[in-house]
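Peer 1:
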Amino acid sequence: MNLCNSRLSVTFVRQCSTIFTSSILQNKCSSINGRVSSCSSSFSAHRTMSSGHRGSRDSSGSPGPAGAAGVGGAPPFQHPHCDRAAMYEQPVRKMRTKGGTYDYDLIVIGGGSAGLACAKEAVLNGARVACLDYVKPTPTLGTKWGVGGTCVNVGCIPKKLMHQASLLGEAVHEAAAYGWNVDDKIKPDWNKLVQSVQNHIKSVNWVTRVDLRDKKVEYINGLGSFVDSHTMLAKLKSGERTITAQTFVIAVGGRPRYPDIPGAVEHGITSDDLFSLDREPGKTLVVGAGYIGLECAGFLKGLGYEPTVMVRSIVLRGFDQQMAELVASSMEERGIPFLRKSVPLSVEKQDDGKLLVKYQNTETGEEAEELFDTVLWAIGRKGLVDDLNLPNAGVSVQKDKIPVDSQEATNVANIYAVGDIIYGKPELTPVAVLAGRLLARRLYGGATQRMDYNDVATTVFTPLEYACVGLSEEDAVKQYGADEVEVFHGYYKPTEFFIPQKSVRYCYLKAVAERHGDQRVYGLHYLGPVAGEVIQGFAAALKSGLTINTLINTVGIHPTTAEEFTRLSITKRSGLDPTPASCCS
Amino acid sequence: MTALKFMRCSSRTCPTIRATIGVGWSRHASSNPRYDYDLVVLGGGSAGLACAKEAADCGARVLCLDFVKPTPVGTRWGIGGTCVNVGCIPKKLMHQASLLGEAVHEAVAYGWNVDDQNLRPDWRKLVRSVQNHIKSVNWVTRVDLRDKKVEYVNSLGAFLDSHTIEFLARPGSERRQVTSEHVVVAVGGRPRYPDIPGAVELGITSDDIFSYEREPGRTLVVGAGYVGLECACFLKGLGYEPTVMVRSIVLRGFDRQMSELLAAMMTERGVPFLGTTIPQSVERQADGRLLVRYRNTTTGTEGSDVFDTVLWAIGRRGLIEDLNLPAAGVEIRNDKIVVDATEATNVPHIFAVGDIIYGRPELTPVAILSGRLLARRLFAGATQLMDYADVATTVFTPLEYSCVGMSEETAIELRGADNIEVFHGYYKPTEFFIPQKSVRHCYLKAVAEISGDQKILGLHYIGPVAGEVIQGFAAALKSGLTVKTLLNTVGIHPTTAEEFTRLSITKRSGRDPTPASCCS
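Order-wise, the sequence lines are chains A and B.
Sequential numbering from 1 applies to the first sequence in our numbering.
Sequential numbering from 586 applies to the second sequence in our numbering.
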């Protein structure tokens, strides 16, 4: 039997050829720090295959408005949001002179998810783009990293890998329950894990650099600050350089805050340091119960260290509070203590190297102290506005963030902001990527579509994961009134949990919906395994106008946990017991 | 009693049903005293139980008959039907066991000091764990029936006439006859055996494998439908050596490209396929092993090989033969029962739900929903019909395959190739990098209309936790998902499901669907 049909084989060949060309790339561009042009010949060489019509269009010299995507070449299809394919096939045009005298059409400050997406998309739409990126070392350990921003280096990616490591430790125990002859008295090798994680990050950094070069974005490893609204001073290793641009996009992102207490900066670390920490974290105090704090505490516990979470006021501020408390309870059940209503007062290093943390209960006023090997601050993040010298450009700030309008424009017409530096928007990689890309298309592709910041799904990668999309129950009640909101909820029992006798106590989900009429779904919340994978599709459903009627008439996939959404039938209002009885009928 | 049931119904079920189906309805007006029961359900599987319980909740007097004939090697099981006893549940647990074996190796890559050199499963312990779980589900099901006031008899029911069912009330006792206003046939199906020497005597089926008392060892899986592939895969994951014999194509009825990709993934993992091959005989050798003779139908060459276990997974047949359907006048086709959109057979008060229906997806959640909706129509004045379109499903192979809506072929056949746009892409799950797992077959595609907002007709995904990924998209498809909406849905990072929001390359463009960058 022919297992690979022809189409498939072609794809495989293509995959192989990609690997082949990228290995050529590595050879020819061995000096990654060299200027972009030094590699341009090899790039164009391997690009010739797909550039049949490029040369002719280049030579025709008709600049044309960048907005008319696909002019000249027949785009494979016409659709305002799916024309990335057409865009990628566009020639990198000679720039039409916009201001005439500027070095660049666009300078993007910040090489994270938002900045890179924006810079790459702008180039694909014909702009001349420079991207400045610079990482200041952390104060405590001097940790620094490469291009790609928070997500790749000290955020989602290493976090997810450590989370996965922790889940795999759990999987080893489960494997024993399922009959595998494995000795489940296991320990992790922290240094090996860190090395594996860092190796992966380095490879992503590399791919990112290659991608930038491939897409003809000029990458400048320097710290930019405004001279005026069109001029930027870039501090490079080799000195200073003044560059000008018609348009600026600020995408500098944020960094973790430190509390203003003795010893915080000297002895504490943050998520910026944790993923490359060169020693085992040991007994760790995690200060802060936002999603970063909970995720770090979760994987540290899974890896066998002893985290404690210190909470000033509430867990997972901004999230549905019923779900947040269930997340906290599920962590407590796993043996992670929570110090509630507590604030740290000081951190002192003892002679034996351990850290003495003094803290206070804000309700009782009682003070206490405890020894830890590591103190991790996860009390929030601040926008990196300080080094930008924004007053020179006249850009106004709010706290340490930049307010923007629905076009991501600041108060200065030619200066925009995307990503975590924006005031009052979700700080999430895919939001930043999409916002940056849409901005570039509006600026250089004649597009009009704006970023929709509503109904953005997100996941907290705690041991039992929590994902949600849309409104929390509180927000729905606030927005529509308690009488107009119906909440369907239920506990459930994942099939796989029975044999290893894992706790199903916190496996819970709910749908917040309109009470009358079509019962439009306002929000979905899920606590359980692979929550992000479960919620993503429902996020698309919410955007498509999901109603309760559609939800419960969607046929489930059995046996999954996601199917539990299609079985939601008990309303909170009814007061009925939301624990399940039967399994498969 | 009737009043009590009505009370129970209005206080418990009505609010949720009214809230969920959104229609006003009244209880089954009054039971017809001419009949012993309002409803007799034949079959205590997913469809039958769902229908029986919902009918009882609506105030009907319900009898449910369930009986499992032992397999040729003598395997039998309790109430709950295929899914609970010899289908989805044990299959998913064995699949999970196999994934956990893989997880142990991955744990080493992630730095855990676990010894994975001589990793072996304990088949008996696994089977015992699986069977214990099944027994507990059987028990919960019994309690649930009692709780819901469904009368249950463990017996094989057959028609005497269209309103009368005959069964043995207790083993050895006299046959009992009951009459019912309505009858729902939900007897489901059982695996087929091929008509070759030794098939029944020496082969087993999925009915036996989950309670098999000895290690399966080197196993020939005959058939490459989803049951065959799933069994082969968990056997491989557990360290046994399965071989898959395919008569014609892999995963008939599924998207061809995805099916072939899945087969390629299995081949990469070391599961050999015997293509265009049919078995001819099975003989037991002196050493107890099984000699299977087979023939390649393309080349005509014959071959033979020795296996420890031969598993037939060549399809399932409907269990109509013991029902005495001619007595009721119910029409059949092949071994299934033909029904209309209301699940009614040609005899108006006799219905069929679940796997016994001709030409409908044989899936537990389909059976449950159609059974439940039928009961609501019969006894609660509801009108909603079961929608069999766009039913999502998953094949639990090591990289799982899940899909909802049309295959690419079906879309092309129904709409024409010029009116279809297929967006596709390979992707690299973040977690795969450290253990260096193969990402070669991690692939997904969206089949959509080419014009307008590009309404999505089908979604296909091969990768980890495929069922969990696709379920929400199934709800989205039912809500009218378009490519425009899909691409403007913000991803959840880092997940694999977010890859659907990043689909940008069309097949038509001919561009390379392999990814470059990761997070921007």
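All residues carry an ideal CB built from backbone N, CA and C; glycine is no exception.
(1) Can you look up Phe538/A in the DSSP assignment and give me helix, strand or coil?
(2) Name the chain D residues that come within less than 8 Å of Leu551/A, Cβ to Cβ?
(3) What's the C-alpha gap between Gly304/A and Lys187/A?
(4) Return the chain-ordered ranges of every beta strand (DSSP E) run that is complete within the segment 110 to 167 of chain A and spans a minimum of 3 residues.
(5) Since I believe Arg957/B is in contact with Cys636/B (beta carbons under 8 Å), could you give me their beta-carbon distance rounded to a whole number of angstroms?
(6) In whole angstroms, what is the alpha-carbon distance linking Glu563/A and Gln1056/B?
(7) From what residue to what residue does the beta strand (DSSP E) around Ala743/B run?
(8) Helix, strand or coil: how does DSSP classify Glu363/A here?
(9) Under 8 Å between C-beta atoms, does Pro983/B make it to chain A?
(10) Between the Cα of Met843/B and those of Leu1044/B, Ala1061/B, Leu823/B, spot the shortest distance and give me the residue it belongs to.
(11) Does the Cβ-Cβ distance between Leu1029/B and Ile1041/B come in under 8 Å?
(12) Is there a Cβ from chain B that is less than 8 Å from the Cβ of His200/A?
(13) Counting contacts by CB-CB distance shorter than 8 Å, is Asp793/B in contact with chain A?
(14) I'd like to know whether the C-beta of Gln1056/B is nearer than 8 Å to at least one C-beta of chain A.
(15) Can you give the beta carbon distance from Arg777/B to Trp897/B, rounded, assuming they're within the 8 Å contact cut?
(16) Where does Thr429/A fall in DSSP's three states?
(17) Within 8 Å (strictly less), CB to CB, does His1045/B reach chain A?
(18) Got a sec? Which residues, its chain only, sit under 7 Å from Val477/A by beta carbon, not counting five neighbours each side?
(19) Can you give the beta carbon distance from Ser987/B to Ala541/A, rounded, assuming they're within the 8 Å contact cut?
(20) Which one of Asp214/A, His173/A, His163/A, Arg520/A has the shortest CA to CA distance from Val194/A?
(21) Between Gly556/A, Ala511/A, Val327/A, Tyr416/A, which lies nearest to Ala1051/B when the distance is taken from Cα to Cα?
(22) Please report the straight-line C-alpha distance between Ser569/A and Gly813/B, rounded to a whole angstrom.
(23) What residues of chain B sit near Gly268/A, judged by a beta carbon separation below 7 Å?
(24) Once the 5 residues before and after Phe248/A are set aside, which same chain residues still bring their CB inside 6 Å of it?
(25) When you compare each of Leu326/A, Val530/A, Val154/A to Gly254/A by their alpha carbons, which one comes out closest?
(26) Which residues in the same chain have their Cβ closer than 8 Å to the Cβ of Val204/A, if we skip the five residues on either side of it in sequence?
(27) Which chain A residues are close to Gln702/B, counting only those with a beta carbon under 9 Å from its beta carbon?
(28) Output, in chain order, the set of chain A residues within a Cβ distance shorter than 9 Å of Pro618/B.
(29) So, helix, strand or coil for Trp206/A, using DSSP?
(30) Does the distance from the CB of Leu959/B to the CB of Val735/B come in under 8 Å?
(31) Listing by chain order, which chain A residues have their CB less than 8 Å from the CB of Pro950/B?
(32) Of all Cβ atoms in chain B, is any one closer than 8 Å to the Cβ of Gln501/A?
(33) Please name the residue, chosen from Arg874/B, Gly873/B, Thr894/B, Gln865/B, that lies closest to Glu887/B on a Cα-to-Cα basis.
(34) Can you find a C-beta in chain A that's less than 8 Å from the C-beta of Phe674/B?
(35) Measure the C-alpha to C-alpha separation of Gly380/A and Tyr695/B and round it to an integer number of angstroms.
(36) Since Met310/A is in the beta strand (DSSP E), which residue starts that stretch and which ends it?
Peer 2: So, from the data block:
(1) Within the first sequence, numbered from 1, the residue matching residue 538/A stands at position 538. The answer is helix: DSSP assigns Phe538/A an H, G or I state.
(2) Although the question refers to chain D, the structure presented lacks it and instead comprises the protein chains A and B.
(3) Numbered from 1 along the first sequence, position 304 holds the residue referred to as residue 304/A. Numbered from 1 along the first sequence, position 187 holds the residue referred to as residue 187/A. Near 7 Å, if we compare the C-alpha coordinates of Lys187/A and Gly304/A.
(4) 129 to 132
(5) Working through the second sequence from its first residue, we reach residue 636/B at position 51. Working through the second sequence from its first residue, we reach residue 957/B at position 372. A Cβ-Cβ distance of about 7 Å is found for the pair Cys636/B and Arg957/B, placing them in contact under the 8 Å criterion.
(6) Walking along the first sequence from the start, residue 563/A turns up at place 563. Walking along the second sequence from the start, residue 1056/B turns up at place 471. Their Cα atoms are separated by approximately 6 Å.
(7) Looking up residue 743/B in the second sequence gives position 158. It spans 743 to 746 - the beta strand (DSSP E) in which Ala743/B sits, taken as one unbroken run.
(8) Translated into the one-based positions of the first sequence, residue 363/A becomes position 363. Looking at Glu363/A - three-state DSSP - the assignment turns out to be coil, as it is neither helix nor strand.
(9) Mapped onto the second sequence, residue 983/B falls at position 398. No, no contact with chain A.
(10) For the purposes of this step, residue 843/B is taken as residue 258 along the second sequence, with counting starting at 1. Checking every option, the nearest Cα to that of Met843/B belongs to Leu1044/B.
(11) Translated into positions along the second sequence, residue 1029/B becomes position 444. Translated into positions along the second sequence, residue 1041/B becomes position 456. Contact: no.
(12) The residue given as residue 200/A occupies position 200 in the first sequence. Yes, because at least one Cβ of chain B sits closer than 8 Å to the Cβ of His200/A.
(13) Looking up residue 793/B in the second sequence gives position 208. Closer than 8 Å: no.
(14) Taking the second sequence and counting its residues from 1, one reaches residue 1056/B at position 471. Chain A, which has a Cβ nearer than 8 Å to the Cβ of Gln1056/B, makes this yes.
(15) The residue given as residue 777/B occupies position 192 in the second sequence. The residue given as residue 897/B occupies position 312 in the second sequence. At roughly 7 Å, the Cβ-Cβ gap stays under 8 Å, so Arg777/B and Trp897/B are in contact.
(16) Residue 429/A sits at position 429 when you count from the first residue of the first sequence. DSSP places Thr429/A in helix when its eight states are reduced to three.
(17) For this step, residue 1045/B is matched to residue 460 along the second sequence. Answer no: the Cβ-Cβ gap between His1045/B and chain A never drops below 8 Å.
(18) The residue labelled residue 477/A in the question sits at position 477 within the first sequence. So the qualifying residues of the chain are Val485.
(19) Taking the first residue of the second sequence as 1, we reach residue 987/B at position 402. Taking the first residue of the first sequence as 1, we reach residue 541/A at position 541. Contact flag wrong, Cβ pair sits at about 16 Å.
(20) Counted from its first residue, the first sequence places residue 194/A at position 194. For the residues Asp214/A, His173/A, His163/A, Arg520/A, the minimum Cα distance to Val194/A belongs to His163/A.
(21) Residue mapping note: residue 1051/B aligns to position 466 of the second sequence, counting from 1. When each option's Cα is compared against that of Ala1051/B, the closest is Gly556/A.
(22) On the first sequence, position 569 is the one that residue 569/A refers to. On the second sequence, position 228 is the one that residue 813/B refers to. So the alpha carbons of these two residues sit roughly 35 Å apart.
(23) On the first sequence, residue 268/A is found 268 positions in, with the first residue counted as 1. Neighbours of Gly268/A in chain B, taken as residues at a C-beta separation under 7 Å, are lacking, since the least C-beta distance is about 25 Å.
(24) What you label residue 248/A is simply residue 248 of the first sequence in a count that begins at 1. The residues are Ile107, Ile415.
(25) Working through the first sequence from its first residue, we reach residue 254/A at position 254. Ranking Leu326/A, Val530/A, Val154/A by Cα distance to Gly254/A puts Val154/A first.
(26) In the first sequence, counting from the first residue as 1, residue 204/A sits at position 204. Excluding residues within five positions, the ones whose Cβ falls inside 8 Å are Gly148, Val152, Ile157.
(27) Within the second sequence, residue 702/B is the residue found at index 117, counting from 1. Per Cβ cutoff of 9 Å: no residues; Gln702/B is ~11 Å from chain A at best.
(28) The residue given as residue 618/B occupies position 33 in the second sequence. Against Pro618/B, chain A offers no close residue; the least beta-carbon distance is about 29 Å (beta-carbon pairs closer than 9 Å).
(29) What you label residue 206/A is simply residue 206 of the first sequence in a count that begins at 1. Trp206/A falls in the helix class under three-state DSSP.
(30) On the second sequence, residue 959/B is found 374 positions in, with the first residue counted as 1. On the second sequence, residue 735/B is found 150 positions in, with the first residue counted as 1. No, these two residues do not count as a Cβ contact at 8 Å.
(31) The sequence position of residue 950/B within the second sequence is 365, counting from 1. Simply Val555, Gly556, Ile557, His558, Glu563, Thr566.
(32) The sequence position of residue 501/A within the first sequence is 501, counting from 1. Gln501/A does not count as touching chain B.
(33) As a working note, residue 887/B is residue 302 in the second sequence. Put simply, of Arg874/B, Gly873/B, Thr894/B, Gln865/B the residue whose alpha carbon is nearest the alpha carbon of Glu887/B is Gln865/B.
(34) Counting from 1 along the second sequence, the entry for residue 674/B is found at position 89. Rather than Phe, the amino acid found at residue 674/B in this sequence is Ile. It does; some Cβ of chain A falls within 8 Å.
(35) Counting from one through the first sequence, the residue named residue 380/A turns up at place 380. Counting from one through the second sequence, the residue named residue 695/B turns up at place 110. When rounded, the distance between both Cα atoms is 29 Å.
(36) In the first sequence, residue 310/A corresponds to position 310, counting from 1. Run containing Met310/A: 307 to 310, per the beta strand (DSSP E) assignment.
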